[in-house]
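In the UniProt record's numbering, the protein residues as written are 1 to 130. Just so it is clear, CB atoms sit at the ideal spot from N, CA and C, and this is done for glycine as well. The model shown is predicted, which means the values in this text are computed figures rather than measured ones. One structure is given here, and the rest of the page talks about it.
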């Protein structure tokens, strides 16, 4: 009986250690921490096209939806639509900030055409007119 109790306690300790490590290395937790601190963090599952990616930058959360299509060589992500649920927090963002985000997205998806939701789209269009 004592051996069984010790075995259960050891299993419980191992399980708790596993849960703590899983919590520490959870990408969603890192994303939330980056949002709170106002730092940059890119969270994406590159191998899963169905999952959207998330970018935290200067306290704003951006979400990107990926669309699969054909390139010259293979099937790949050919279109990406990026938006934020809180456009009121975009105060202080410049074209250079969005160009930086585009560059970061293109690191993982070089063949993708990136589209922005308004009001970011309007700011990026003004760039082409100038």
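In its chain, beyond the 5 residues on either side, 49, 75, 76, 77 and 78 have a beta carbon closer than 8 Å to the beta carbon of residue 68. Per DSSP, the unbroken alpha helix (DSSP H) holding residue 20 starts and ends at 2-24. Looking from the CA of residue 32, the closest CA among 10, 45, 62 and 112 belongs to 62.
Taking residue 102 as the centre and dropping the five residues before and after it, the same chain places the C-beta of 114 closer than 8 Å to its C-beta, in chain order. Across the set 3, 52 and 38, the C-alpha of 52 shows the shortest separation from the C-alpha of residue 82.
Around the C-beta of residue 98, 16 or more other C-beta atoms lie within 10 Å, and the residue is accordingly described as buried. Collapsing the DSSP output to three states places residue 65 in a strand. Residue 66 sits buried, since 16 or more C-beta atoms from the chains shown fall within 10 Å of its C-beta.
Annotated as distal: residue 80 and residue 120, with beta-carbon spacing of 8 Å or more. The residue among 2, 16, 112 and 122 with its C-alpha nearest the C-alpha of residue 95 is 122.
If you draw a straight line from the Cα of residue 71 to the Cα of residue 111, it comes to about 8 Å. It is roughly 20 Å from the alpha-carbon of residue 117 to the alpha-carbon of residue 41.
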